[in-house]
Amino acid sequence: MREAVAALAAYLTQLEMRGNEMQIDPIRLEEVSVLQELAKQTFAETFAHDNDPKELEAFFEESYSLEVLTSELSDPNCQHYFLRVDKQIAGYLKLNQGPAQTEQELENAFEIQRIYLLQAFQGRGLGKVLFEFALEKAEQSSCDWVWLGVWEHNYKAQQFYAKYGFEKFGQHEFAVGDKIDVDWLLKRPLHQKG
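Just so you know, the UniProt record's numbering puts 19 at position 19 of the sequence shown, and the rest follows in order with no gaps.
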């Protein structure tokens, strides 16, 4: 029964997305203010229920200021992409290599740092589209590992990543203002054969 429901949900998602044009495009430097607004909105939609507004504002100032985002967009070791559905921005993706990675625990690694969708576009399989695009970019790199961080209490995401062969290899602290959360670090080897 559960499989039939899942199959029906997948079919309905395909019907809903049919006719919708999807594009994943690199974010240009002149789009930094659009990225800033999107980053703040998607983070707030995802985590506002678990964080004090003052903590969120401190996080936004530290991570999503125009200065920080401009620096990241200018860094050749960072890649940022917008996902557009029917020319409307639905979400974004941030990928890091080399010194741009948030952790340096793995040699020759590729980090998937951010995948965020606006709430209005969630539940349509678009997160999976962005994630598989990120994996494709990782496979095209000369890196040996792809890795990411996921909140220790986000069990649904952990199960999703496990289906793609990701395994826990560590953890790090993730600060939202003065509030400290723990993210699990998950990795998967790249360029697997067979």
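The beta carbon of each residue, even a glycine, is placed where N, CA and C say it ideally should be.
Because the structure is a prediction, the values reported are computed rather than measured.
State the DSSP-derived secondary structure class of E167, mapped to helix, strand or coil.
-> Assigned with DSSP and collapsed to three states, E167 falls in strand.
So, helix, strand or coil for N64, using DSSP?
-> For clarity, residue 64 is Tyr in the given sequence; the question names Asn instead. It is coil, neither helix nor strand.
Where H153 falls: helix, strand or coil (DSSP) | In the displayed model, H153 falls within coil according to three-state DSSP, outside both helix and strand.
How about F59 and G149: do their beta carbons lie closer than 8 Å?
-> Going by C-beta atoms, F59 is not nearer than 8 Å to G149.
Cβ neighbours of F133 in the same chain (closer than 6 Å, five flanking residues each side left out) = If you ignore the 5 residues before and after F133, its C-beta comes within less than 6 Å of the C-beta of I24, all in its own chain and listed in chain order.
Which residues does DSSP pair with E111 in a beta bridge?
-> Paired residue(s): N96 and W147.
Taking Cβ to Cβ, would you say W145 is nearer than 8 Å to N96?
-> In this structure, N96 does not lie closer than 8 Å to W145 by Cβ.
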